[in-house]
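In terms of the working numbering, the sequence shown opens at residue 74 and continues consecutively.
Structure record follows, encoded as structure tokens.
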Amino acid sequence: MRPKIICHMVSSVDGRLLVDRWTPPAAGIDADIVHRTYDQVASRFDADGWIVGRKTMEGYAKGKARPPGTIPADLRAPHVADRRGRDTAVAMDPHGRLHYGRDHAGGDHIVAVLGEQVTDEYLAELREDGVSYLFAGPDGHDLHRAMDILGDTFGISTLLLEGGGTINGAFLKAGLIDGISLLMYPGIDGLAGVPSIFEYGGTDDERPAAGRSLRHLATETLEGGMVWLHYAVEGAPASP
Ligand SMILES: NC(=O)c1ccc[n+]([C@@H]2O[C@H](COP(=O)([O-])OP(=O)(O)OC[C@H]3O[C@@H](n4cnc5c(N)ncnc54)[C@H](OP(=O)(O)O)[C@@H]3O)[C@@H](O)[C@H]2O)c1
Numbered sequence: 074m075r076p077k078i079i080c081h082m083v084s085s086v087d088g089r090l091l092v093d094r095w096t097p098p099a100a101g102i103d104a105d106i107v108h109r110t111y112d113q114v115a116s117r118f119d120a121d122g123w124i125v126g127r128k129t130m131e132g133y134a135k136g137k138a139r140p141p142g143t144i145p146a147d148l149r150a151p152h153v154a155d156r157r158g159r160d161t162a163v164a165m166d167p168h169g170r171l172h173y174g175r176d177h178a179g180g181d182h183i184v185a186v187l188g189e190q191v192t193d194e195y196l197a198e199l200r201e202d203g204v205s206y207l208f209a210g211p212d213g214h215d216l217h218r219a220m221d222i223l224g225d226t227f228g229i230s231t232l233l234l235e236g237g238g239t240i241n242g243a244f245l246k247a248g249l250i251d252g253i254s255l256l257m258y259p260g261i262d263g264l265a266g267v268p269s270i271f272e273y274g275g276t277d278d279e280r281p282a283a284g285r286s287l288r289h290l291a292t293e294t295l296e297g298g299m300v301w302l303h304y305a306v307e308g309a310p311a312s313p
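Now the structure itself:
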């Protein structure tokens, strides 16, 4: 069974995603308010880990491509490395572009979700790094299959989907988001075209959230004027 997935994000009051572009906090409010509050609210969910897109994971993956020492046989099944009881950091990386050089992101064990077309050399590198991996179909975009493997093989029951907008949009379109936890920071971006928390790359007539409704669960005003909005996602995705 797939994990429950809660999309946990922080946006400016104009719904934009790129934290570094926002106006600073009002005088007397700690500059660290965004990251601190984000982590505090995340911890309320008691999740088994978090999922991010390839671009967001680039901030953690600081290794370099290198030829592996040896290439083991039987690399093509899901690989569960030594998690040592840690939470999981799931990277949606269809082409195997990320090089980790370690087995964790911020202390959480990395699980790479890949397309089947990645090379044996790349899989051997992940094994040397101690990284777990699994396959999301030939092109790495079969999100349902990936989530089923995380539930059934990795024993994961709840995950926070933590962006960016592209991967959030793909999960939304796939009908895989069960809840939304949105922090609104009292700041502004203001520039047209800057991404929002959902950025599904479809055609003009597509509605990636068709068939779904949001049920309000809670609203809280937090430190520094951050506002937390919590919703359950109800309904089923409309047929394409
Ligand atoms: N405000 C917040 O709470 C928050 C949270 C997280 C991130 N961010 C910001 O968001 C920005 C990155 O967001 P982003 O939207 O550009 O990138 P992203 O969602 O982090 O990553 C997108 C990439 O994920 C891969 N991917 C895997 N499966 C996919 C699928 N089914 N459909 C589409 N893509 C799939 C693709 O990699 P390939 O290109 O290799 O195919 C795609 O380019 C960063 O600036 C980050 O700081 C903000």
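We put the beta carbon where it would ideally sit given N, CA and C, even for glycine.
Item to complete: Buried or exposed for residue 137, please, with buried defined as at least 16 other CB atoms from any protein chain shown within 10 angstroms of its CB.
Response: In the sequence shown, residue 137 corresponds to position 64, counting from 1. Around the beta-carbon of residue 137, fewer than 16 other beta-carbon atoms lie within 10 Å, marking it exposed.
Practice prompt. Could you tell me whether any non-hydrogen atom of ligand 1 is closer than 8 angstroms to the CB of residue 304?
Written response: Residue numbering aside, residue 304 sits at position 231 when the sequence shown is read from its first letter. Not one heavy atom of ligand 1 falls within 8 angstroms of the beta-carbon of residue 304.
Worksheet item: Considering only C-alpha positions, which residue in the set 254, 192, 166 is nearest to residue 322?
Response: The structure shown has nothing for residue 322, since the chain only spans 74 to 313.
Worksheet item: For residue 127, which option in 182, 186, 148 has the closest C-alpha, if you only look at C-alpha atoms?
Response: As a first step, residue 127 must be located in the sequence shown, where it is residue number 54. In terms of CA proximity to residue 127, 186 leads the group 182, 186, 148.
Discussion item. Is residue 175 near ligand 1 - that is, is its Cβ less than 8 angstroms away from at least one heavy atom of it?
Written reply: Here residue 175 refers to the residue found at position 102 when the sequence shown is read from its first residue. The nearest non-hydrogen atom of ligand 1 is 8 angstroms or more from the C-beta of residue 175.
Worksheet item: For the beta strand (DSSP E) that contains residue 205, what are its first and last residues?
Response: Residue numbering aside, residue 205 sits at position 132 when the sequence shown is read from its first letter. Start and end: 205-208.
Worksheet item: From what residue to what residue does the beta strand (DSSP E) around residue 257 run?
Response: Numbered from its first residue, the sequence shown carries residue 257 at position 184. Start and end: 252-257.
Worksheet entry | For residue 289 and residue 273, believed in contact at Cβ under 8 angstroms, the rounded distance | Here residue 273 refers to the residue found at position 200 when the sequence shown is read from its first residue. Here residue 289 refers to the residue found at position 216 when the sequence shown is read from its first residue. So it is not a contact: roughly 23 angstroms between Cβ atoms.
Discussion item. Quick check on the DSSP output: what are the complete beta strand (DSSP E) runs of length 3 or more inside the segment 167-211, in order along the chain?
Written reply: List check, beta strand (DSSP E) in window: 181-187, 205-208.
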